[in-house]
Each structure stands twice: as C-alpha cells, then as structure tokens.
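Novice:
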Amino acid sequence: MAPFPIKSLQHPLVKHCVNLRQSAAYRHEMQSFLIPCRQQIQELPEKLSLLKLFSLEGHPPIRKAEHCLTVSQEVLKKITGLVSPEPYAAILALPQLKPTRYERLLICDRISDPGNLGTLLRTALSFGFDAAFLLPGCVDPFNDKVVRSAKGALFHLPLLFGDWDDLLLLQKQKGLHLYQADLQGSALEETSFSLPLGLILGNESQGTSWEAKKCAQDVAISINPSMDSLNVAIAGGIFMFTMRASCQKMTTTST
Numbered sequence: 000m001a002p003f004p005i006k007s008l009q010h011p012l013v014k015h016c017v018n019l020r021q022s023a024a025y026r027h028e029m030q031s032f033l034i035p036c037r038q039q040i041q042e043l044p045e046k047l048s049l050l051k052l053f054s055l056e057g058h059p060p061i062r063k064a065e066h067c068l069t070v071s072q073e074v075l076k077k078i079t080g081l082v083s084p085e086p087y088a089a090i091l092a093l094p095q096l097k098p099t100r101y102e103r104l105l106i107c108d109r110i111s112d113p114g115n116l117g118t119l120l121r122t123a124l125s126f127g128f129d130a131a132f133l134l135p136g137c138v139d140p141f142n143d144k145v146v147r148s149a150k151g152a153l154f155h156l157p158l159l160f161g162d163w164d165d166l167l168l169l170q171k172q173k174g175l176h177l178y179q180a181d182l183q184g185s186a187l188e189e190t191s192f193s194l195p196l197g198l199i200l201g202n203e204s205q206g207t208s209w210e211a212k213k214c215a216q217d218v219a220i221s222i223n224p225s226m227d228s229l230n231v232a233i234a235g236g237i238f239m240f241t242m243r244a245s246c247q248k249m250t251t252t253s254t
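In numbering that gives the first Met the number 0, the protein residues as written are 0 to 254.
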C-alpha cells in the first residue's frame, strides 16, 4: 500500500512536527524530536528505529520506519521550517545513551547558540570525549538547528543533564579534574592535564559561571592581543584536540 499523502498544513501530524521543532518542553514531553536532514536519517544506527518518516511526493522511503508518509512540498516546508527543505524528514525517539567511562567529559555551561552547541558535541565525539554534561541555560540539544550542526553526534555521544550540585557530585564520584576556559588562565600549551578530566566551556558572551571559577583550573588559549576572545566552538575544538594529544602522550609515556 502506498504511504498516505499529507497535503493539509492543518493536519495534526504537521502541527505535531512544528511543536517538536519549536518547543523543547514538548520534545521532552513526547520523548521525541525532528530530524530535517536526509544524510543524518540515512546514517542513523540501524538499531534506532524511526517513529515516522516523511518523504516528499515522488521520493521513495530511504529507510524503514514505523510509519512512512508522503507529503507535499508546502507541508515539508512547514514541518522543517526551511525555505528549501531536503526531500525527507523524520521523527525519532530521544536517544537514551549512557556513558561507559568518564575519562574525558565535555561540560557545557549556558551555551546558548544552537550552532555552537551542535559543533561542540560533534567535536567532542570526534576527539574521543566520552560524554557531554549540559548545565542549566544551555540550548536544548534536540533543537533542530543543534541537530543539523551536530551531524549525527547526538546518536553516539551520551548526554548528561543536571545542575552544579549534580556536576560536583559526579566530580567527586569519578575523581574528575576540572578545567575551564578562561583568558586569565595558564597557557594551554604549557598545561599538564590529569585524567579523568572535565572541560568546562562557558556562555558565548559571559564566559563560565562563578561556580566553575571555584572548582576548576583556569586554562587559556594564547591569541593575538588585538583580539579579546575566540568563538566558543572554535576554542572548544582547540581545547579538545590539545587535551586528546596530551592524554595520548601521557598514556604512551606511562606504558
């Protein structure tokens, strides 16, 4: 049987998708989120099943789903919020990944820009971090802009949520050495890192919270004096790459 076509912008499923895209509270209530990207849908781990797959009329389904539906171009625009959407979108249950170790933890402190958070999660996965801890004030990681910029990292990198009390308890339980990005800190290239570690990256305009300044060692990236800071996603990439190299060197030396 051919998938049932949806052409009305008032269809309940269209409204459901718009709510998933626009409301973090609705996403977490429904325990699902929207993926507006063909490549990410195709690259999803096979063990993850799609709740719904939306295909533009004339385009066959690209993978199995509990419900496959065809939609008009206007409906796809409405669902994704994009002027020129790709031919596919999907609804997926929120990942429930659990960390298996805590050697390197990315800690996001009020990262508010979706593109920055998605890039940081993607970079953390690329450089071997074991999980990301999101403190209050961070943009929801299942925001559609985060999903696009994370490039699939959400399906492989465990995410932890909590406040500073939760983080400090985790620090105590796992013996984490905390480091925070701060312009007044010691030079990154001269810093010796200890495992297990947590890297705290702060808000784009305000930096890290006062709680971070009480419990973490300050580390700075050396930059041209004419510039006052780096974009947090770029700075995070430099920190994570350097930390990976430093930890690999430590492991090699100890063996």
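Positions of the beta carbon are idealized from the N, C-alpha and C atoms, including for glycine.
Only a predicted model underlies this, so the values are computations on that prediction, with no experimental measurement involved.
1) Does the beta-carbon of MET239 have 16 or more other beta-carbons within 10 angstroms, so that it is buried, or is it exposed?
2) Whose CA, out of LEU8, GLN38, LYS144, LEU49, lies closest to the CA of GLN21?
3) Spell out the partners DSSP gives CYS67 in its beta bridges.
4) Excluding sequence positions up to five away, which residues of its chain have a Cβ less than 7 Å from the Cβ of ARG100?
5) Check each candidate in CYS137, LYS97, LYS171 and name the one with the smallest Cα separation from ARG109.
6) Ends of the alpha helix (DSSP H) at GLY117?
7) Can you tell me which of ALA24, SER125, TYR87, GLY201 puts its alpha carbon nearest to the alpha carbon of MET242?
8) Under the DSSP definition of a beta bridge, which residues are partnered with ALA23?
9) Decide if ILE40 is buried, meaning its Cβ has at least 16 other Cβ atoms within 10 Å, or exposed.
10) Starting from LEU168, trace the alpha helix (DSSP H) in both directions and tell me its first and last residue.
11) Excluding sequence positions up to five away, which residues of its chain have a Cβ less than 8 Å from the Cβ of ILE237?
12) Please report the Cβ distance between THR122 and GLY235, rounded to the nearest whole angstrom; I am assuming they are in contact, meaning their Cβ atoms lie under 8 Å.
13) Considering only DSSP beta bridges, list what TYR87 is partnered with.
14) If you check the beta carbons only, do CYS16 and ARG147 fall under 7 Å apart?
15) Could you check if GLN179 is buried or exposed, using at least 16 other CB atoms within 10 Å of its CB as the buried criterion?
16) Beta-carbon within less than 6 Å of HIS66's beta-carbon, same chain only, minus the 5 sequence neighbours each way: which residues are those?
17) Taking the runs of the alpha helix (DSSP H) that are 4 residues or longer, which of them lie wholly in the stretch 192-229?
18) Compare the Cα-Cα distances from ALA92 to each of SER31, LEU175, ALA131 and report the closest residue.
19) What is the rounded straight-line gap between the Cα of THR190 and the Cα of GLY206?
20) Quick one: what's got a C-beta closer than 6 Å to GLY280's C-beta in the same chain, skipping five residues either side?
21) Using the three-state DSSP reduction, which class does LEU47 fall into: helix, strand or coil?
22) Per DSSP, GLN41 forms a beta bridge with which residues?
23) Do you know how far the Cα of GLY127 is from the Cα of GLU85?
24) Quick check on DSSP: helix, strand or coil for ARG243?
25) Would you give the residue range spanned by the beta strand (DSSP E) that ILE106 belongs to?
Specialist: Quick answer:
1) Position 240 of the sequence shown, counted from the start, is the residue given in the question as residue 239. Classification of MET239: buried, given that the 10 Å Cβ count is 16 or more.
2) The sequence position of residue 21 within the sequence shown is 22, counting from 1. Answer by Cα proximity: LYS144.
3) As a position in the sequence shown, residue 67 is number 68, starting the count at 1. LEU52.
4) Numbered from its first residue, the sequence shown carries residue 100 at position 101. For ARG100, where only same-chain residues beyond five positions count, the Cβ hits under 7 Å are ASP129.
5) Here the question's residue 109 lines up with position 110 in the sequence shown. The shortest C-alpha separation from ARG109 is found at CYS137.
6) Residue 117 sits at position 118 when you count from the first residue of the sequence shown. Its alpha helix (DSSP H) spans residues 113-125.
7) Position 243 of the sequence shown, counting from 1, holds the residue named residue 242. Nearest C-alpha to MET242: SER125.
8) Stepping through the sequence shown from its first residue, residue 23 is reached at position 24. Paired residues: none, contrary to the question.
9) By one-based count along the sequence shown, residue 40 stands at place 41. That one is buried.
10) On the sequence shown, residue 168 is found 169 positions in, with the first residue counted as 1. Counting along the chain, the alpha helix (DSSP H) containing LEU168 begins and ends at 163-173.
11) The residue you call residue 237 lines up with position 238 of the sequence shown. Around ILE237: LEU187, ILE220, LEU229.
12) Numbered from its first residue, the sequence shown carries residue 122 at position 123. Numbered from its first residue, the sequence shown carries residue 235 at position 236. At roughly 6 Å, the Cβ-Cβ gap stays under 8 Å, so THR122 and GLY235 are in contact.
13) As a working note, residue 87 is residue 88 in the sequence shown. DSSP lists SER54 as partners of TYR87.
14) As a working note, residue 16 is residue 17 in the sequence shown. As a working note, residue 147 is residue 148 in the sequence shown. Cβ distance not < 7 Å, so CYS16 and ARG147 don't count as in contact.
15) Taking the sequence shown and counting its residues from 1, one reaches residue 179 at position 180. By the 10 Å Cβ count, GLN179 comes out buried.
16) Position 67 of the sequence shown, counted from the start, is the residue given in the question as residue 66. Excluding positions up to five away in sequence, the list reads LYS51.
17) Counting whole runs of 4 or more residues, the stretch 192-229 contains the alpha helix (DSSP H) stretches 209-214.
18) Stepping through the sequence shown from its first residue, residue 92 is reached at position 93. Nearest of SER31, LEU175, ALA131 to ALA92, Cα basis: SER31.
19) Counting from one through the sequence shown, the residue named residue 190 turns up at place 191. Counting from one through the sequence shown, the residue named residue 206 turns up at place 207. Computed Cα separation, rounded: 20 Å.
20) The structure shown has nothing for residue 280, since the chain only spans 0 to 254.
21) The residue you call residue 47 lines up with position 48 of the sequence shown. Reduced to three states, the DSSP call for LEU47 is coil.
22) Locating residue 41 in the sequence shown gives position 42, where the first residue counts as 1. GLN41 is not bridged to any residue.
23) Position 86 of the sequence shown, counted from the first residue, corresponds to residue 85. Position 128 of the sequence shown, counted from the first residue, corresponds to residue 127. Approximately 30 Å, taken between the alpha carbons.
24) If you number the sequence shown from 1, residue 243 lands on position 244. Note: ARG243 maps to helix in three-state DSSP.
25) The residue labelled residue 106 in the question sits at position 107 within the sequence shown. Element bounds for ILE106: 103-107.
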